[in-house]
Amino acid sequence: MKISARNIFRGTVDALRTGAVNSEVDLTLSGGEKLVAMITNESAQALELAAGKEAVALVKASSVLVMTDEAGIRLSARNCLAGTVKAVTSGPVSAEVTIALTGGTEVHATITHNAADELGLKPGSAATAVFKASSVILGVPA
Amino acid sequence: MKISARNIFRGTVDALRTGAVNSEVDLTLSGGEKLVAMITNESAQALELAAGKEAVALVKASSVLVMTDEAGIRLSARNCLAGTVKAVTSGPVSAEVTIALTGGTEVHATITHNAADELGLKPGSAATAVFKASSVILGVPA
Amino acid sequence: MKISARNIFRGTVDALRTGAVNSEVDLTLSGGEKLVAMITNESAQALELAAGKEAVALVKASSVLVMTDEAGIRLSARNCLAGTVKAVTSGPVSAEVTIALTGGTEVHATITHNAADELGLKPGSAATAVFKASSVILGVPA
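Protein chains in written order, with my numbering: chain A, 6 to 147; chain B, 6 to 147; chain C, 6 to 147.
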């Protein structure tokens, strides 16, 4: 597989909750982090997802928010991965931020240039990558 | 809280509709605008969302479309906020557009440079910010 | 309608599956391609969606991933449209990629500059546009 998603996380399915049209899937990544994905039931069936199965979670960099201070707030986003900023590349409108998690996994986020400035992101800053379960695409070995 | 989301709307929960895995949440913003968010049931429970509770709605600028003419079409997107373009910042690929709503709230959208050109966006143009309920992350005071 | 979405696909509704809060909608585009959209039930009712009805599917370029090699993987994303790269415009952080499908439809994706480089995207390369059902906004004639 070669795909543009900047975030390709390898892991194992922990659990699957099935609704009328959507399924929620819990994963544990190889670095120990927990992820939650929301996919359609048809996809869950087509991929034969089940506890114990290997899977990859794909997340576009543009789906990831960067939080530097979580004081005073609790968020609905199911995926909040804490780490340290490794790199920031800024253009006139966009900026790409790489966050290294403690387990070694790297998370890429594209945010606005203004947001990167306001948050004062630079290598070494503590930062949390935040994304919704619905932003995750799952893949399984063919 | 310090987070990269360009759009942080403060409001109050009006109503909550709970499905098998997802919940739909209606909010009224402090400026009087109505928003709809789609989050997982686990999040709705974890945040103890209920009618009357204060909440913030976070929306990434990259999740927002800009519409300048809605003649002839009705959209499935639950959030359509009409206002006036306040600023446009253009890069080679992306453009950031700020729309001021009548209540004073500002909405930020990142769209392609080409889209901004084709729509002829400039300060003073009428424009509507459009985003899906599933693009909204909710937060509550911790 | 004038809207910033780079992808506006015209088609016809094939089928509708309704859950507790969300509905999944199958479309056939005028070029013959199949699309799947996930919208709220309230939207499906408000738009009076039903098999046979004309609809447009709007997809932001930033919601589209670009895949150049699908060997070894099966993805949960419901929309995978194969074609050929027609153009790549690169900025310092972002790149816009246009993929021409066999039926003539063009799909626009904004990905990171680094992803475009790593995938070696250039006019004539085979590429597949990938996006989730939840990234699609539907519209119907007013």
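Even for Gly, the Cβ is constructed at its ideal location relative to N, Cα and C. Since the structure is predicted, the reported quantities are computational estimates derived from the model, not experimental observations.
Judged by DSSP secondary structure, E59 (chain B) falls within the beta strand (DSSP E) whose first and last residues are 59 to 64. Residue-level contact by beta carbon holds for M43 (chain C) and chain A, with a gap shorter than 9 Å. Sorting A:A62, A:L80, A:V98, A:E29 by C-alpha distance to the C-alpha of V112 (chain A) places A:A62 at the top.
Apart from the 5 residues on each side of it in sequence, V145 (chain B) sits with its Cβ closer than 6 Å to the Cβ of L52, A60 in its chain, given in chain order. For A49 (chain A), the closest alpha carbon among the candidates A:G37, A:D31, A:T117 is that of A:D31. Contact fails between the segment 26 to 42 of chain B and the segment 115 to 122 of chain A, because fewer than three Cβ pairs, one in each stretch, are under 8 Å apart. For A120 (chain A), the enclosing alpha helix (DSSP H) begins and ends at 118 to 124. Counting C-beta atoms within 10 angstroms of its own C-beta, G109 (chain B) has fewer than 16 neighbours from the protein chains shown and is therefore classed as exposed. Of the candidates B:K127, B:T45, B:D19, the residue whose Cα lies closest to the Cα of A92 (chain B) is B:K127. A check of alpha carbon separations from I13 (chain A) across C:I104, C:E47, C:L70 identifies C:L70 as the nearest. One thing to note: L54 (chain C) has its Cβ no nearer than 9 Å to the Cβ of G16 (chain C). Distance from the CA atom of A82 (chain C) to the CA atom of M6 (chain B), rounded to whole angstroms, is 32 Å. Here V102 (chain A) is not near A131 (chain A), since their CB atoms are 9 Å or more apart.
Rounded to the nearest whole angstrom, the CA to CA distance from P97 (chain C) to T23 (chain C) is 43 Å.
A Cβ-Cβ contact shorter than 9 Å links S67 (chain B) with K65 (chain C). Put simply, the CB of E47 (chain A) is near chain C, with a gap under 9 Å to one of its CB atoms. Assignment of A55 (chain A) by DSSP, reduced to helix, strand and coil, places it in the coil class. Around the Cβ of T133 (chain C), a 10 Å sphere holds 16 or more other Cβ atoms; the residue is buried.
Between the alpha carbons of A100 (chain A) and T73 (chain A) lies a gap of roughly 16 Å. Taken in chain order, the complete beta strand (DSSP E) segments of 3 residues or longer contained in the segment 87 to 143 of chain B are 99 to 106, 111 to 117, 131 to 136. DSSP links E38 (chain A) through a beta bridge to no other residue.
Sequence-ordered contacts of the segment 44 to 77 of chain C with chain A read S67, L70, V71, M72, T73, D74, E75, A76, G77 [C-beta pairs closer than 7 Å].
Residues of the segment 98 to 121 of chain A with a C-beta less than 7 Å from any C-beta of chain C: S99, A100, E101, T115, listed in chain order. For R22 (chain B), the enclosing beta strand (DSSP E) starts and ends at 12 to 23. Residue-level contact check: G16 (chain A) does not touch chain C, since none of the beta carbons of chain C fall below 9 Å from its beta carbon.
Between L106 (chain C) and S9 (chain A), the beta carbon gap of about 17 Å keeps them out of contact (Cβ cut-off 8 Å).
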